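Enquirer: Structure provided below as structure tokens; questions to follow.
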Amino acid sequence: MFDFLGSEAQNCLKAPTIIFNTFGKLEHEVSEVIAIKFPRIYTIGPLRLLAKHMLEEPSKSMNSSLWKEDIYCIEWLKKRELNSVVYVNYRSITVMLEKHIKEFA
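Once you know that position 21 of the sequence shown is 21 in the working numbering, the rest is easy, because the numbers rise by one and skip nothing.
See the structure below:
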């Protein structure tokens with residue numbers, strides 16, 4: 001996965017246009033710096049807001065994870081005392097509902 005992401009980053013350098021999953025006004029300064037080298041950039045995010053419009057059927061959606069989903073962790077979590085578990089995310093890609101983001105906050 002690391003090699004794939006590295007090669008895709010290199011391919012971006014050759015692309016005529018780059019699309020970022022971010023909110024332009026939030027990261028305006030960064031976008032301006034990138035636009036110096038790549039004038040055709042577009043910010044179209046956050047894409048997670050599209051989740052409520054996505055189809056629920058698994059065959060119609062795609063996951064970037066190389067790991068099989070382990071639902072056992074949810075059962076384990078339900079057995080823990082409220083506010084006793086800390087979630088740590090190491091650059092995973094996920095779609096979360098607003099209520100989940102508020103819960104993490």
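Glycine is no exception: its CB is placed at the ideal position from the N, C-alpha and C atoms. All figures in this text were calculated on a predicted structure; none of them were measured in a lab.
Where does the unbroken alpha helix (DSSP H) through D36 begin, and where does it stop?
Expert: Per the sequence shown, the amino acid found at residue 36 is Ile instead of Asp. Counting along the chain, the alpha helix (DSSP H) containing I36 begins and ends at H28 to K37.
Enquirer: Can you tell me whether T43 is buried or exposed, with buried defined as 16 or more other CB within 10 angstroms of its CB?
Expert: That one is buried.
Enquirer: DSSP three-state call for I19: helix, strand or coil?
Expert: I19 falls in the strand class under three-state DSSP.
Enquirer: Terminal residues of the continuous beta strand (DSSP E) containing I41?
Expert: Where I41 is concerned, the enclosing beta strand (DSSP E) stretches over I41 to T43.
Enquirer: Which one of F4, V33 and K37 has the shortest CA to CA distance from K14?
Expert: Closest option to K14, Cα to Cα, is K37.
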